[in-house]
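Each number in this note's numbering corresponds to the 1-based position in the sequence shown with 8 added.
Just so it is clear, CB atoms sit at the ideal spot from N, CA and C, and this is done for glycine as well.
All of these numbers come straight from a predicted model, not from anything done at the bench.
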Amino acid sequence: MGSRSILGLTQQRLEQEISEREHVEQELLVARRIQQASLPKEVPTLEGWEVSPHYQPAREVGGDFYDFFELENGQFGLVVGDATGKGMPAALVMATTCGMLRAVAQSSNSPGEVLGRVNDALSARIPPNMFVTCFYALLDPETGRLSYANAGHDLPYLRRGNDAEQLRARGMPLGLMSGVGYEEGHSLLHEGDGILFYSDGLVEAHNPHREMFGSPRLRRLILEHDEVRSLGEVLLEELYTFTGEGWEQEDDITLLTLRSSAARGGSIEEDRKFDLNSGG
C-alpha cells in the first residue's frame, strides 16, 4: 500500500473519530438539557421549614433527580431518585419518572400507593435493563407529620438531637416488576429536626486509594453538623477534601435537606404513638 493510501486512510479515521466525538458531545448536551428541564426551577417557601437542594451533575449525565410537590390539601411532597445508566437513556427515563410522580402525587395521600402506581406504569414503558430508585416523602407542614415510602433508594437520615437514624421502608426499585407493594413509614418532626435525602453518588465516591466515602462517614458528619452552615455545603466540602485534587466525578450527586425551624404541638411520646398507630 502506497504512502498516499495510508495517509488517506489515516485522514478518514481521524474524520470518523471527530464525527463520533461530536455526536457523543451533542447527545450529552441534549441529555443534560432534558435533565435540567425536569428539575425544579425554584425552591418552594414553607413557613416554619427550611428546604435546601444541592445538585452536582457528573460530566457524563447520570439519572439523578429531585422534585417538590405542593398538593391541593396543603401537604408537601419531596422526592429524590436515580435512574440507572448514563446519557440520553438515563435522562429520558428520569424525565418520564418525574412526570409520572408529579401527576400521580396529586391524586393520592399515600406515598406507598404513589410509588406503586408509578412502578406499574414504568414497568410497561422502560427498557428491561433499566430501573429507578426513589424515596418519596409527604409532609404536613402544619403538624410536622411525615409519611414516606422507598423504592430501593439510599436511606435518608433523620437528625434529632444527638442521634441520626435512617428512615426505613421496604420496596423494590421502580420499573423492575409490576404489582408490587411499597411499605410506608411515619415520623413526627419537631423543631430542630432535620432530614438529609441523598443519592449514591455521595456515599460511593472514591478517594485516590479507592476508599469509599461511605455511610458511616456520612452519619458522623451529620451528627457533627452545628447548623452554622448548611449541611449540604459542609458535605460537599468534605467530599472534595476526601476525594482530593484531580477527582473525576463519575456519578451525579444530589443532596436535599428538610429542617423544621418552628415549634409545633406534640411531644416525643406522641411521636411514638403516631408511629405505632400508623404502622411505622
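query: Contacts around E199, its chain only, beta-carbon distance under 8 Å, and the 5 residues preceding and following it disregarded; result: S268, S269, A270, A271 and R272
query: Min CB distance D90 to chain D below 8 Å; result: Within the model displayed, chain D is absent; a lone protein chain is all it includes.
query: Per DSSP, cross-strand counterpart(s) of P61; result: L264
query: Pair within 8 Å by beta-carbon distance, D5 and S207; result: Any answer about residue 5 is impossible in this case: the structure gives the chain only from 9 up to 288.
query: Integer Cβ distance of G193 from H62, believed to fall under 8 Å; result: Actually they do not touch by this definition, with Cβ atoms about 24 Å apart.
query: Those runs of the alpha helix (DSSP H) which lie wholly inside the segment 158–217 and span at least 4 residues; result: 208–211
query: Sequence-distant residues of its chain with Cβ nearer than 6 Å to S238 (five each side left out); result: S60
query: Nearest neighbour of G183, chosen from P119, A132 and E50 [CA to CA]; result: A132
query: Alpha helix (DSSP H) segment containing G252, residue limits; result: Per DSSP, G252 belongs to no alpha helix (DSSP H) and is neither H nor E.
query: Buried versus exposed call for L263 [16 or more other C-beta atoms within 10 Å across all chains shown]; result: buried
query: T92 (DSSP reduced to helix, strand or coil); result: coil
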